[in-house]
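Everything below concerns the one structure shown next.
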Amino acid sequence: MNPTEVYIPIDRRLAMARGVSMSEECRGAVLFVDISGFTPLTGALTRYYGPRRGVEELTRLLNRVYTDLIAEIDNYQGSVIGFSGDAVTCWFDAQDQQLEDATMRGLSAALAVQRTMTKYRPLHIAPKGNLPPDPTQEISLAVKTVIAVGNVRRFTVGDPQIQLIDVLAGTTLDRVAATETMARQNELLSDEESLRPFLAKVVVDEWRTDTKTGRRYARIRALNAVPQPTPWPACPPLSPANAQPWVLPAIAERLWGEQSRFLAELRPAAALFLRFTGLDFDHDPESPQKLDRYIQWVQRIVDQHEGALIQLTTGDKGS
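Just so we're aligned, residue -9 is where the sequence shown starts under the numbering used here, counting upward by one.
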């Protein structure tokens, strides 16, 4: 298998394999999954095992957690669009404008993620060799899941010589960000605007009101009717020429050289966060091209200084 193609969202990968283009204007459900607990876990593992082995153990756990999480997303034909820190943004497309179907698939995946994450509370790591019992046994991973339904813009930005990036943008992403601020650990929350047409299909434990905006949010416990899982079909392999632009060159080189285990490194680095506003993705038809030009400009400047643009997120009135 081409080791770089897994970095492409599965629905885009299938479209590329079939030689078809994806619509820029989409309708569906955005699911945001935010995992907490990795920072104390990283500290505990590096103190216990030492920097090198601690990071190896952390990488093993991260792979396990995200493999489990992504499997639940895939089961309901969701696509992982991107990461933001420890959080994942996923998309459930309303195929043939079946918004209810996309919403129920997104909610089902979110509840499945919540169930799956219970096995990481607390996190049990068996001691190895002559080491005493692992103190990280008392560390738990928590997860917030929030969902918003509506229209989005879906497009690609980036310099193909550096990295292409899949983008979701629009006011639906703003609503996701607003909902996330109202959610607590180990909950599924959705805004009233998203749920209003489907309230009869969900079990709501509690309504919360944002005192600043007056908007209401529902804490969802279950669905009255859970749709059957509909996993994605197998994707034909992509050529390296088509897949490699989606991965940073240094990462692609290591993946092709079967050195992915050496990506688990603890090293000093400087992190730069850049916030920008001024793009109207809902009303300006040129906004994707404007963002593309801007991101390529940023990528080239960062690349000149031997850095890399790692993540791009949109929502909450900025990016």
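For every residue, glycine included, the Cβ atom is placed at its ideal position computed from N, Cα and C.
These numbers come from a predicted model, not from an experiment.
Can you tell me the Cα-Cα spacing of Ala168 and Trp197, whole angstroms? In the sequence shown, residue 168 corresponds to position 178, counting from 1. In the sequence shown, residue 197 corresponds to position 207, counting from 1. Rounded to whole angstroms, Ala168 to Trp197 spans 15 Å at the Cα level.
Just to confirm the assignment: which complete alpha helix (DSSP H) runs, minimum length 4, are found wholly within the segment -5 to 45? DSSP runs (the alpha helix (DSSP H)) wholly in the segment -5 to 45: 0 to 8 and 28 to 39.
Sufficient close CB pairs (3 or more, under 8 Å) joining the segment 172 to 186 to the segment 261 to 277: no
For Ala99, which residues from the same chain have a beta carbon less than 6 Å from its beta carbon, with the 5 sequence-adjacent residues on both sides left out? By one-based count along the sequence shown, residue 99 stands at place 109. Excluding sequence neighbours, Ala99 sits near Glu62, Ile63, Tyr66 and Gly68.
Through-space distance from Leu213 to Arg186, alpha-carbon basis: Here residue 186 is taken as the residue at index 196 of the sequence shown, counted from 1. Here residue 213 is taken as the residue at index 223 of the sequence shown, counted from 1. The straight-line gap from Cα to Cα measures roughly 14 Å.
Alpha helix (DSSP H) runs contained entirely in the segment 75 to 146, provided each spans 4 or more residues: If we require 4 residues or more, the alpha helix (DSSP H) runs fully inside the segment 75 to 146 come out as 89 to 107.
Contact the segment 152 to 162 vs the segment 290 to 305: 3+ CB pairs below 8 Å: Enough Cβ pairs lie closer than 8 Å, so yes.
Identify, in the order they occur along the chain, each residue of the same chain with its Cβ nearer than 8 Å to the Cβ of Pro217, setting aside the five sequence neighbours on each side. Position 227 of the sequence shown, counting from 1, holds the residue named residue 217. Within the same chain, Pro217 has close Cβ partners Tyr66, Asp91, Met94, Arg95 and Ser98.
Phe303 and Ser74 look like a contact to me (Cβ under 8 Å); what is the Cβ gap, rounded to whole Å? Residue mapping note: residue 303 aligns to position 313 of the sequence shown, counting from 1. Residue mapping note: residue 74 aligns to position 84 of the sequence shown, counting from 1. It is Thr, not Phe, that sits at residue 303 in the sequence shown. Contact holds; Cβ gap of about 4 Å.
Neighbourhood of Pro227 by C-beta, 6 Å cutoff - its chain only, sequence neighbours within 5 removed: By one-based count along the sequence shown, residue 227 stands at place 237. So the list reads Asn(-8), once near-sequence residues are dropped.
Below 8 Å between beta carbons: does that hold for Ala215 and Lys191? Within the sequence shown, residue 215 is the residue found at index 225, counting from 1. Within the sequence shown, residue 191 is the residue found at index 201, counting from 1. Cβ distance < 8 Å, so Ala215 and Lys191 count as in contact.
Among Val(-4), Lys134 and Glu14, which residue has its Cα nearest to the Cα of Asp274? Position 284 of the sequence shown, counted from the first residue, corresponds to residue 274. The option with the nearest alpha carbon to Asp274 is Glu14.
Three-state secondary structure assigned by DSSP to Thr171: Indexing the sequence shown from 1 puts residue 171 at position 181. Thr171: helix per DSSP, three-state reduction.
Continuous beta strand (DSSP E) assignments of at least 3 residues falling wholly in the segment 203 to 229: The segment 203 to 229 contains these whole beta strand (DSSP E) runs: 206 to 213.
For Ala242, which residues from the same chain have a beta carbon less than 7 Å from its beta carbon, with the 5 sequence-adjacent residues on both sides left out? Taking the first residue of the sequence shown as position 1, residue 242 is located at position 252. So the qualifying residues of the chain are Thr(-6) and Gln234.
Reference Leu178, options Val136, Lys202 and Gly148, closest by Cα: For the purposes of this step, residue 178 is identified with residue 188 of the sequence shown, where counting begins at 1. Closest option to Leu178, Cα to Cα, is Val136.
Which of helix, strand or coil DSSP assigns to Ser277: By 1-based counting over the sequence shown, the position of residue 277 is 287. Helix, per DSSP.
I need the boundaries of the alpha helix (DSSP H) containing Arg244, first residue and last residue. Taking the sequence shown and counting its residues from 1, one reaches residue 244 at position 254. Per DSSP, Arg244 belongs to the alpha helix (DSSP H) from Pro239 to Trp246.
CA-to-CA distance, Val237 to Trp287, given in whole angstroms: By one-based count along the sequence shown, residue 287 stands at place 297. By one-based count along the sequence shown, residue 237 stands at place 247. Between Trp287 and Val237, the C-alpha separation is close to 18 Å.
With respect to the alpha helix (DSSP H) encompassing Leu185, which residues constitute its N-terminal and C-terminal limits? Taking the sequence shown and counting its residues from 1, the one referred to as residue 185 is at position 195. Note, Leu185: alpha helix (DSSP H), Glu182 to Leu185.
Leaving aside the five residues before and after Asn232 along the sequence, list all residues of the same chain whose C-beta is less than 7 Å from its C-beta, in chain order. As a working note, residue 232 is residue 242 in the sequence shown. Around Asn232: Met6.
Take Val194 as the anchor and find which of Lys280, Arg206 and Leu31 has the nearest alpha-carbon. Here residue 194 is taken as the residue at index 204 of the sequence shown, counted from 1. The shortest Cα separation from Val194 among Lys280, Arg206 and Leu31 belongs to Arg206.
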